[in-house]
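Participant: Mind looking over this structure? Questions follow.
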Amino acid sequence: MKRLLKGGRVVDPANGIDGVRDILIDGERIARVGLNLPFDAATVVEIADGLVICPGFIDMHVHLREPGQEHKETVATGTASAVAGGFTAVACMPNTNPVNDDANVTTYMHPTKTAILLRRALEYAAMFGMPVIEHCEDPSLKGDGVVHEGYWAASLGLRGMPGACEALGVERGVLLAELTGSAFHVAHMSARASLRAVRRAKEAGIRVTCEVAPHHFTLTDEALAAPIAYDTNTKMNPPLREAADRDAMLDGIADGSVDAIATDHAPHHYDEKKVEYDRAPFGIVGLETAVPLSLDRLVHAGRIRLSRMVELLSVNPARILNVPGGSLSEGAPADITIIAPDVKVKIDAGKLRSRSKNTPFDGWELRGGVAATIVGGRPLYVNADTRLAL
Amino acid sequence: MSPTTVHVDQQPAATALRSKDLLGIADLTPDEINLILDTADVMKEVGSRPIKKVPALRGKTVVNLFFEPSTRTRTSFEIAEKRLSADTLNIAIATSSVVKGETLADTALNLEAMQPDMIVLRHSSSGACHLLSRICRSAIINAGDGMHEHPTQALLDAFTIRERKKQLKGLKVAIIGDLLHSRVLRSNILLLTKMGADVWVCGPPTMMPTDVRRFGVSATSNVEQAVRDADVIMMLRIQLERMEGAYFPSLREYFNVFGMTEARMTLAKPDVMIMHPGPMNRGVEIASEVADGPYSVILDQVANGVAVRMAVLYLLAGGAEHEEAA
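Residue numbers (our numbering), protein chains in the order written: chain A, 4 to 393; chain B, 47 to 372.
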């Protein structure tokens, strides 16, 4: 079956396109991209003004919980959540039971215990052209910390972990990436000292990349105290940090030091979160809030252009993971995200597609959202509010 | 106008508490603190009568839910409840179903189903009272949550200081010890700074909370500087297990550097008060000569704890309004 997306603004940084184009989808692939394409017996979809066609967004950091923890999320609910959030592909982290290691990505959910183990991983992964993705953290500095070590931790009597706890792991990874010549990727970076280490490494030509989660460029540790004190939906690892760290993440996103936005989507059942703060598991869901937060806090706030947002959510994740996608090239898989940058979005935790509802953004009103998500030529999600007929 | 009657916000004196709960000093206004202390004055008188009982909380059920061992605080609450004629129930962790893996929320909801009026909670997790407050109809009284707050301790400390010094405003109060893990410290800082005291905190740098000066206090690791010209010296307990965390090299070293001795005390004002929330480690944070000496008000603190907790229970039950209805 053929579909012709007609007259929409196309933002495809990989091909240097930001302008009105038609896109012809033939089966699972993009057949043609151009101006005033012939109908070619295709179903025509008129793309209304205000909608933007982007290469499919790729979330580099998602926990889908299946197998082993299906009460939190399944592959079915997780992928439903992903397409509702505008993601056409997700990289699943292997902290499932049994371990899901099908993905061609070497990832360490927990900080590698020793430098020699990380070194070997870097050397081995290079054989497949893969980076090592690490959750950077010094375990002894983390201790039994549950939040960022700062004023709010002190005020609420919660045990803290400093930004240095993460930055130590980043510095170690940078040194070993330099030693091995392999690629090292910093997962869910949150601390300004980590960003400093990444910037220096990039300047030195070391193969280091990094991602930032939307909650780390949006919230600070002040959210631990208000609007709901000790809300366990503010608990994740790495933790919400102080304003200087949050602002550094915004700067890094704007100046190109940060390569990707990844959600660290971590569903937990409400039973598990409805406990004492220090006993609650780390993590929040993120797939369905990432695009509205990115549009509202980054694009509409004037920090980045839309094309840069597409790089962060699509082009760079594909490049870092060495997977197909990240462009709307002719012949590429028809993985397409259509966004509505000006649609009004109100986050309603109860209506999330994810099986879990653990978000600190419940009730937030944001500008911009997802209009439709096309995966392999099939429209798997259409936002009724955007009146897009796919 | 005398300093004791100056109110920062110039609002009329409080006659009731605004919240249904006492989760922490953080939520109280200076007027509410004064209301509790004034009410405690009356309650203290009840404790001096031959028949130490008033009917103020007759027909009210109070549950003392203690997830941490406590002798002083639990006993103090229980005596306070009984002097007010409340029906009391003590649940300690060893006898509860928590050992079977029930969550705190489920425990609380099961208790709620039996219609108590108040739950006094002691728990090792900071914020446990906030969790209960969100899911319970009963008034929640924080009897110590993790490293967060211990509001009735700060109130009884303030009551004890006020009894001797007449006011809190302008007093130099030195709080010395494990500042990092202390809920007593947090509640006292909040209360004393709200009431206009000049608060100094002192301890090893390893036990200093992040950004402690943002709480409106002076901070030092020099114990002489903290003690000099102090009106009140408050010693905090050093938990012996902190040694393992490498916070300081040895207990002997700690006593040498921070312990309250008679020699150090001479730097303070001549009428200095020595306080300790208990339980004490004699020879670690405080010398026995100081703890048992003439400046010590440590047992007065314990005595006043009952009156202050009676005041809190009474006010949260609705005060005079409830009494008239009954």
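Every residue gets a Cβ at the ideal spot worked out from N, C-alpha and C, and that includes glycine.
List the residues that DSSP assigns as beta-bridge partners of Gly176/A.
Facilitator: Numbered from 1 along the first sequence, position 173 holds the residue referred to as residue 176/A. According to DSSP, which records beta bridges pairwise, Gly176/A is partnered with nothing at all.
Participant: I'd like to check one pair, Tyr293/B with Pro250/B: are the Cβ atoms closer than 8 Å?
Facilitator: Numbered from its first residue, the second sequence carries residue 250/B at position 204. Numbered from its first residue, the second sequence carries residue 293/B at position 247. Yes, these two residues count as a Cβ contact at 8 Å.
Participant: Would you call Gly147/B buried or exposed, if buried means 16 or more other Cβ atoms sit within 10 Å of its Cβ?
Facilitator: Position 101 of the second sequence, counted from the first residue, corresponds to residue 147/B. The residue is exposed, with fewer than 16 neighbouring Cβ atoms inside 10 Å.
Participant: Assuming contact is defined by CB atoms lying nearer than 8 Å, are Tyr341/B and Val318/B in contact in what I supplied?
Facilitator: In the second sequence, counting from the first residue as 1, residue 341/B sits at position 295. In the second sequence, counting from the first residue as 1, residue 318/B sits at position 272. Yes. Within cutoff.
Participant: Hey, how far is the Cα of Glu169/A from the Cα of Arg12/A?
Facilitator: By 1-based counting over the first sequence, the position of residue 169/A is 166. By 1-based counting over the first sequence, the position of residue 12/A is 9. For Glu169/A and Arg12/A, the distance between alpha carbons rounds to 40 Å.
Participant: Counting contacts by CB-CB distance shorter than 8 Å, is Tyr233/A in contact with chain D?
Facilitator: In summary, chain D is missing from the structure at hand, where the protein chains are A and B.
Participant: Quick one: which chain B residues come within Cβ less than 8 Å of Arg282/A?
Facilitator: Looking up residue 282/A in the first sequence gives position 279. Going along chain B in sequence order, the residues near Arg282/A (Cβ under 8 Å) are Ser171.
Participant: Would you decide whether Met239/A is buried or exposed? Buried here means 16 or more other CB atoms lie within 10 Å of its CB.
Facilitator: Taking the first residue of the first sequence as position 1, residue 239/A is located at position 236. Flag for Met239/A reads buried.
Participant: With 8 Å set as the bound, which would you pick, yes or no: does the beta-carbon of Met280/B sit closer than that to a beta-carbon of chain A?
Facilitator: On the second sequence, residue 280/B is found 234 positions in, with the first residue counted as 1. Cβ-Cβ to chain A under 8 Å: no for Met280/B.
Participant: Report the residue ranges of all alpha helix (DSSP H) runs contained in full by the stretch 145-209 of chain A; include only those spanning at least 4 residues, in chain order.
Facilitator: 154-159, 166-183, 195-206
Participant: Count the other CB atoms within 10 Å of the CB of Thr141/B; is the residue buried (16 or more) or exposed (fewer)?
Facilitator: On the second sequence, position 95 is the one that residue 141/B refers to. Bear in mind that the predicted position of Thr141/B carries a pLDDT of just 48, short of 50, making it unreliable; the figure below should be weighed with that in mind. Per the 10 Å Cβ criterion, exposed.
Participant: For the stretch 149-175 of chain A, which residues have a CB atom closer than 8 Å to at least one CB atom of chain B, in sequence order?
Facilitator: Flagged, chain order: Glu152, Gly153, Tyr154, Ala156, Ala157, Ser158, Leu159, Gly160, Leu161, Arg162, Gly163.
Participant: Which runs of the alpha helix (DSSP H) at least 4 residues long sit entirely within the stretch 137-203 of chain B? Give them in chain order.
Facilitator: 150-158, 174-181
Participant: So, is the C-beta of Ala60/B closer than 8 Å to a C-beta in chain A?
Facilitator: Residue 60/B sits at position 14 when you count from the first residue of the second sequence. Not flagged as an interface residue toward chain A: Ala60/B, since no C-beta distance is shorter than 8 Å.
Participant: Grab the span of the alpha helix (DSSP H) containing Ile256/A for me, first residue to last.
Facilitator: Locating residue 256/A in the first sequence gives position 253, counting from the first residue. Start and end: 246-258.
Participant: Is there contact between the stretch 59-71 of chain B and the stretch 335-342 of chain A, where contact requires at least three CB pairs shorter than 8 Å?
Facilitator: no
Participant: Just list the residues that DSSP pairs Phe90/A with in beta bridges.
Facilitator: Walking along the first sequence from the start, residue 90/A turns up at place 87. The partner list for Phe90/A (beta bridge, DSSP) reads Phe60/A.
Participant: If you drop the 5 nearest sequence neighbours on each side, which residues of the same chain put their C-beta closer than 7 Å to that of Asn107/A?
Facilitator: Taking the first sequence and counting its residues from 1, the one referred to as residue 107/A is at position 104. The pLDDT assigned to Asn107/A is 43, lower than 50, so where the model puts this residue is not dependable; a value taken from the coordinates is nonetheless given after this. The answer, listed in chain order, is Phe131, Met133.
Participant: Closest to Lys347/A by CA distance: which of Met164/A, Ala226/A, Gly53/A is it?
Facilitator: Working through the first sequence from its first residue, we reach residue 347/A at position 344. Cα-wise, what sits closest to Lys347/A is Gly53/A.
Participant: With a CB to CB cut of under 6 Å and the five nearest residues on each side skipped, what residues in its chain are close to Met4/A?
Facilitator: Against the first sequence, residue 4/A aligns to sequence position 1. Within the same chain, Met4/A has no close Cβ partners at all.
Participant: DSSP three-state call for Ile26/A: helix, strand or coil?
Facilitator: As a position in the first sequence, residue 26/A is number 23, starting the count at 1. Of the three classes helix, strand and coil, the one that applies to Ile26/A here is strand, per DSSP.
Participant: With 8 Å set as the bound, which would you pick, yes or no: does the beta-carbon of Lys360/A sit closer than that to a beta-carbon of chain B?
Facilitator: Here residue 360/A refers to the residue found at position 357 when the first sequence is read from its first residue. It does not; no Cβ of chain B falls within 8 Å.
Participant: Tell me Pro96/B's beta-bridge partners as DSSP assigns them.
Facilitator: Residue mapping note: residue 96/B aligns to position 50 of the second sequence, counting from 1. Beta-bridge pairing links Pro96/B to no other residue.
Participant: Look at the Cβ atom of Ala269/A, then the Cβ atom of Ile287/A, and state whether they are nearer than 8 Å.
Facilitator: Against the first sequence, residue 269/A aligns to sequence position 266. Against the first sequence, residue 287/A aligns to sequence position 284. It is a contact, given that the beta carbons lie within the stated cut-off.
Participant: Just how far apart, CA to CA, sit Ile323/A and Pro295/A?
Facilitator: To locate residue 323/A, count along the first sequence from 1; it is residue 320. To locate residue 295/A, count along the first sequence from 1; it is residue 292. Going from the Cα of Ile323/A to the Cα of Pro295/A covers about 23 Å.
Participant: CB-CB under 7 Å to Gly172/A, same chain, minus the five flanking residues each way: which ones, in chain order?
Facilitator: Locating residue 172/A in the first sequence gives position 169, where the first residue counts as 1. Pro114, Glu137, Cys139, Glu140, Asp141.
Participant: Give the residues of chain A in contact with His194/B, contact being defined as C-beta atoms less than 7 Å apart.
Facilitator: Counted from its first residue, the second sequence places residue 194/B at position 148. By Cβ distance, chain A contributes Leu159, Gly160.
Participant: What residue range does the beta strand (DSSP E) around Met319/B cover?
Facilitator: What you label residue 319/B is simply residue 273 of the second sequence in a count that begins at 1. Residues 319-321.
Participant: Would you report the Cα separation of His176/B and Thr223/A, rounded to the nearest angstrom?
Facilitator: Against the second sequence, residue 176/B aligns to sequence position 130. Against the first sequence, residue 223/A aligns to sequence position 220. Their backbone Cα atoms lie some 20 Å apart in a straight line.
Participant: On a CA-only basis, which of Ala246/A, Gly19/A, Val201/A, Arg24/A is nearest Gly10/A? Give me that one, please.
Facilitator: Taking the first residue of the first sequence as position 1, residue 10/A is located at position 7. With distances taken between Cα atoms, Gly10/A lies closest to Arg24/A.
Participant: Taking 8 Å as the limit between beta carbons, can you name the residues of its chain near Ser65/B, skipping five residues before and five after?
Facilitator: Mapped onto the second sequence, residue 65/B falls at position 19. Spatial neighbours of Ser65/B in its own chain (CB-CB distance under 8 Å, excluding positions within 5 residues in sequence) are listed in chain order as Asp73.
Participant: If you drop the 5 nearest sequence neighbours on each side, which residues of the same chain put their C-beta closer than 6 Å to that of Val394/A?
Facilitator: Residue 394/A lies beyond the range of chain A shown here (4 to 393); nothing can be said about it.
Participant: So, helix, strand or coil for Asn271/A, using DSSP?
Facilitator: The residue labelled residue 271/A in the question sits at position 268 within the first sequence. It is worth fixing the name first, because residue 271/A is His in this sequence and not Asn. The answer is coil: DSSP assigns His271/A none of H, G, I, E or B.
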